[in-house]
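In the working numbering, the protein residues as written are 127 to 326.
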């Protein structure tokens, strides 16, 4: 009972603090806004979020519309993974720059690989083949290097060759690049911008 009483007191005090804090910002129903004064004019300055406007998509067939909405679903699922991979690549690159000799670099990469497999493997196993192919292209978009190049740089050419062969068995290609001039990649870029901006 004493724990419940403490919880209620803390909750009430927190809510009271929030309400009193909010009252400082509003005075008689008005907000203080930053303003720019030009001559005798006072122009309120309000920062608005960026909004992307694209022409309305006109699908020629049900197949095209299905492709678009499947791409939206797949981008929403794979984009966070591509961003996480790019973040890890940047962190690993920074760490490797600090390590002086090759032996220690290889040891570091082996330990980092084990951690990354443990962290990402369960999530990546849930991706479909189509989503995996999209992830390969998004990694190129985020890192400016293909997945093949990343594996080759960090784990060696033999490993990169092995994983490329394995990917090829399933119809994927680790050397796939994100090409802004490709019509499919233009749709993907459009979807990415809208998803990142919360418009889709």
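We put the beta carbon where it would ideally sit given N, CA and C, even for glycine.
Small disclaimer: the values here were computed from a predicted structure and weren't measured.
For the beta strand (DSSP E) that residue i lies in, which residues bound it at each end?
i	result
residue 168	167-170
Return the chain-ordered list of same chain residues with a C-beta closer than 7 Å to the C-beta of residue i, the five sequence neighbours on each side being excluded.
i	result
residue 183	194
residue 235	280 and 281
residue 316	180
residue 283	none
residue 292	none
residue 318	201 and 205
By Cβ distance, which residues of its chain are closer than 8 Å to residue i, with the 5 residues on each side in sequence left out?
i	result
residue 272	262, 265, 266, 300, 301, 302 and 303
Could you have a look at residue i and say whether DSSP puts it in helix, strand or coil?
i	result
residue 163	strand
residue 178	coil
Shortest alpha-carbon distance to residue i belongs to which of the options?
i	options	result
residue 205	252, 217, 260 and 167	260
residue 268	255, 207, 232 and 221	207
residue 256	288, 203, 237 and 228	203
residue 210	245, 177 and 229	245
residue 306	252, 215 and 270	270
residue 325	175, 258 and 163	175
If you drop the 5 nearest sequence neighbours on each side, which residues of the same chain put their C-beta closer than 6 Å to that of residue i?
i	result
residue 191	185
residue 147	Residue placement at residue 147 cannot be trusted, given a pLDDT of 44 that sits under 50; the coordinates are not used to answer.
residue 286	274, 277 and 278
residue 168	161
Are there 16 or more other CB atoms within 10 angstroms of the CB of residue i, so buried, or fewer, so exposed?
i	result
residue 314	buried
residue 179	exposed
residue 276	buried
residue 308	exposed
residue 188	exposed
residue 298	buried
Taking the alpha helix (DSSP H) that residue i falls in, what are its first and last residues?
i	result
residue 248	228-251
residue 216	188-224
residue 173	Segment: none, residue 173 is in no alpha helix (DSSP H) and carries neither H nor E.
residue 270	Where residue 270 is concerned, there is no enclosing alpha helix (DSSP H), given that its DSSP letter is neither H nor E.
residue 290	283-295
residue 319	309-322
For the ligand GDP, is there any heavy atom lying closer than 7 Å to the beta carbon of residue i?
i	result
residue 322	Ligands in the displayed structure: none, and consequently the ligand GDP is not present.
Looking at the C-beta of residue i, does it have a partner C-beta in chain B at a distance below 8 Å?
i	result
residue 322	The displayed structure is made up of one protein chain only, and chain B is not part of it.
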